[in-house]
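Chains as they are written, first to last, in this note's numbering: chain S, 1 to 132; chain W, 1 to 181.
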């Protein structure tokens with residue numbers, strides 16, 4: 001490297017106003033706060049929707065359990081233990097057959113998305129506190 | 001071994017906000033000086049701000065195994081300036097053919113001997129002459145002499161080979177010499 005040329009270039013260094021890095025930091029913080037707010041609103045909305053769906057689906061599943069005879073099958077195990085011991089394979093198959101599998105899958109999904117939303121909202125809230 | 005920048009990035013990604021502030025404090029002047037070679041005073045600050053906002057947004061995608069933070073930062077700065085100048089319809093970094101140069105007989109050191117450099121002692125004269133240079137030349141000289149980056153690192157910023165960067169540097173010194181004598 002040509003040392004003299006290097007010295008000359010260093011002399012011609014263009015320095016910013018002292019406020020520049022403060023302004024950049026504020027701009028980033030503003031954008032960060034806005035982004036966290038939008039994400040909190042989004043996950044909050046998803047959380048409320050999941051909760052609503054979970055409550056409605058719970059009532060529906062309760063009805064499905066009654067209409068499919070699940071409770072009757074289940075009560076057999078307590079009323080006639082010998083029958084269960086003899087025909088346990090058939091009994092378990094019938095019990096599984098009476099389960100509303102699709103609805104239970106949907107209920108699990110809603111429960112999962114509700115917990116994820118709560119986790120995300122708490123995380124965004126913590127970040128907002130850190131920024132402020 | 002992890003560099004200081006890599007440590008700051010790691011700490012920021014783990015939730016330490018002040019690490020990002022330290023990165024900004026460390027590099028704001030460099031990016032400002034670099035930007036000021038290509039952009040007028042009116043939009044300079046906005047572009048520097050945009051560069052750091054892009055850094056903040058993409059920091060989690062930064063791969064320290066691929067490049068150094070400084071090289072990555074100046075690549076973002078170069079792209080941001082290119083976008084800005086494109087919008088202004090002045091096309092940067094493209095007026096030179098990309099063909100690689102064969103090394104010339106003259107050594108870089110002897111292109112600008114001290115007698116010629118003495119004419120450059122005035123900061124304003126140097127800035128004026130740099131301003132008249134081609135964008136690629138400006139970029140190479142600025143990063144090499146002001147930011148102490150290697151030709152290899154400058155090649156990463158420009159997306160050009162080592163030999164191309166060396167030839168840009170060589171040609172830039174020749175142009176400087178021509179303007180001074």
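The beta-carbon is built from N, C-alpha and C at its ideal position, and this holds for glycine as well.
Within-7 Å CB hit, residue 6/S to chain W: yes
With 16 other Cβ atoms within 10 Å as the buried cut-off, status of residue 7/W: exposed
Reduced DSSP secondary structure (H/G/I, E/B, other) of residue 134/W: coil
Chain S within 7 Å of residue 16/W, Cβ atoms only: no
Distance CB(residue 45/W)-CB(residue 21/S) smaller than 7 Å: no
Residue 9/S - containing alpha helix (DSSP H), residue span: 3-11
Selection from 119/S, 73/S, 55/S that minimises the alpha carbon distance to residue 106/S: 55/S
Any chain W beta carbon closer than 7 Å to residue 42/S: no
7 Å Cβ cut-off: residues of chain S touching residue 181/W: None at all; the shortest Cβ gap to chain S is about 15 Å.
Short CB-CB distance (under 7 Å) between residue 33/W and chain S: yes
Contact with chain S by residue 38/W, beta-carbon distance below 7 Å: no
Residue 148/W: first and last residue of the uninterrupted alpha helix (DSSP H) it sits in: Segment: none, residue 148/W is in no alpha helix (DSSP H) and carries neither H nor E.
Cross-chain neighbours of residue 182/W in chain S, by beta carbon under 8 Å: For chain W, the structure presents residues 1 to 181; residue 182/W sits outside this window and is missing.
Any C-beta of chain W under 7 Å from that of residue 38/S: no
Any C-beta of chain S under 7 Å from that of residue 106/W: Below a pLDDT of 50, predicted positions are generally treated as unreliable, and residue 106/W, at 49, falls in that range; the measurement from the model is reported next regardless. No, residue 106/W does not count as interfacial toward chain S.
Spatial neighbours of residue 5/W in its chain, beta-carbon cut-off 6 Å, leaving aside the 5 residues before and after: 69
Alpha carbon of residue 133/W to alpha carbon of residue 116/S, nearest angstrom: 56 Å
Cβ of residue 125/S within 7 Å of any chain W Cβ: no
Chain W contact for residue 92/S (CB, 7 Å cutoff): no
Within chain S, the residues that residue 178/W reaches when beta carbons sit closer than 8 Å: Chain S residues near residue 178/W: none, gap ~15 Å exceeds 8 Å.
Status (buried if at least 16 other CB within 10 Å, exposed otherwise) for residue 19/S: exposed
Under the three-state DSSP convention, the category residue 38/W falls into: coil
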